[in-house]
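One structure is given here, and the rest of the page talks about it.
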Amino acid sequence: MSREHEWVDEEAGPVVRPYAVARGRTKPTSAALDLLATVVSTGLPAPAKAELGVQHRRLLSYVAGQTRPVAEVASELGLPVGVVRVLLGDLLEHGLVTVRPPRDKAATPTESLLQEVIQGLRAL
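For the sequence shown, our numbering begins at 309 and goes up steadily by one.
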């Protein structure tokens, strides 16, 4: 049996608590890991000193070649956002991912513009 399957019960799902996945840590090492920040793999090999677990590797494969928001990564991997932020912090420290801050609020559409788009879609 592979190590990854040791931590999953067919009926109950994952049997490891989120704090165990994050090794008891609750805060990421970088403040740049905002919910709307985007991450992408750098494609660099993991350094020999890096202690990467199964979840780190899942995360790396999910962001390989495609920029994704932190919230989307958490949702897709089925992990709490706090855990994903801690794991991404680990990967960032080892230079395995690049983090881009969320877009400036001035560049985001206004609520009135979004309402107009919704009304236009409903009219179709």
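Every residue gets a Cβ at the ideal spot worked out from N, C-alpha and C, and that includes glycine.
key: Stretch-stretch touch, CB-based, cutoff 8 Å, three pairs: the segment 395 to 403 with the segment 352 to 359   = yes
inquiry  = Please list the terminal residues of the continuous alpha helix (DSSP H) segment that includes V425.
reply    = Residue mapping note: residue 425 aligns to position 117 of the sequence shown, counting from 1. That run of the alpha helix (DSSP H) goes E419 to A431.
message = For a quick check, are the C-beta atoms of P388 and L344 less than 8 Å apart?
response = Stepping through the sequence shown from its first residue, residue 388 is reached at position 80. Stepping through the sequence shown from its first residue, residue 344 is reached at position 36. No; because the gap between Cβ atoms is not below 8 Å, this pair is not in contact.
query = Considering only residues of the same chain and omitting the five flanking positions on each side of A379, which have a CB-CB separation below 8 Å?
reply = On the sequence shown, position 71 is the one that residue 379 refers to. So the list reads L343, L344 and V389, once near-sequence residues are dropped.
request  = Count the other CB atoms, across all protein chains shown, that sit within 10 Å of the CB of T346; report buried if there are 16 or more and exposed otherwise.
outcome  = Position 38 of the sequence shown, counting from 1, holds the residue named residue 346. The residue in question, T346, is buried, as its Cβ has 16 or more Cβ neighbours within 10 Å.
request  = Using the DSSP secondary-structure output, state which residues sit across from R408 in a beta bridge.
outcome  = In the sequence shown, residue 408 corresponds to position 100, counting from 1. Answer is T346, bridged to R408.
key: Alpha-carbon to alpha-carbon, R411 and V362   = Sequence index remark: in the sequence shown, residue 362 carries index 54 (1-based). Sequence index remark: in the sequence shown, residue 411 carries index 103 (1-based). V362 and R411: Cα-Cα distance of roughly 31 Å.
query = How would you call L368, buried or exposed, if buried means at least 16 neighbouring beta carbons within 10 angstroms?
reply = Walking along the sequence shown from the start, residue 368 turns up at place 60. Buried, since its Cβ has 16 or more Cβ neighbours within 10 Å.
inquiry  = Looking at the secondary structure, which residues open and close the alpha helix (DSSP H) in which L399 lies?
reply    = Mapped onto the sequence shown, residue 399 falls at position 91. Per DSSP, L399 belongs to the alpha helix (DSSP H) from V389 to E401.
query = Which residue or residues does DSSP assign as beta-bridge partners of R366?
reply = Taking the first residue of the sequence shown as position 1, residue 366 is located at position 58. According to DSSP, which records beta bridges pairwise, R366 is partnered with nothing at all.
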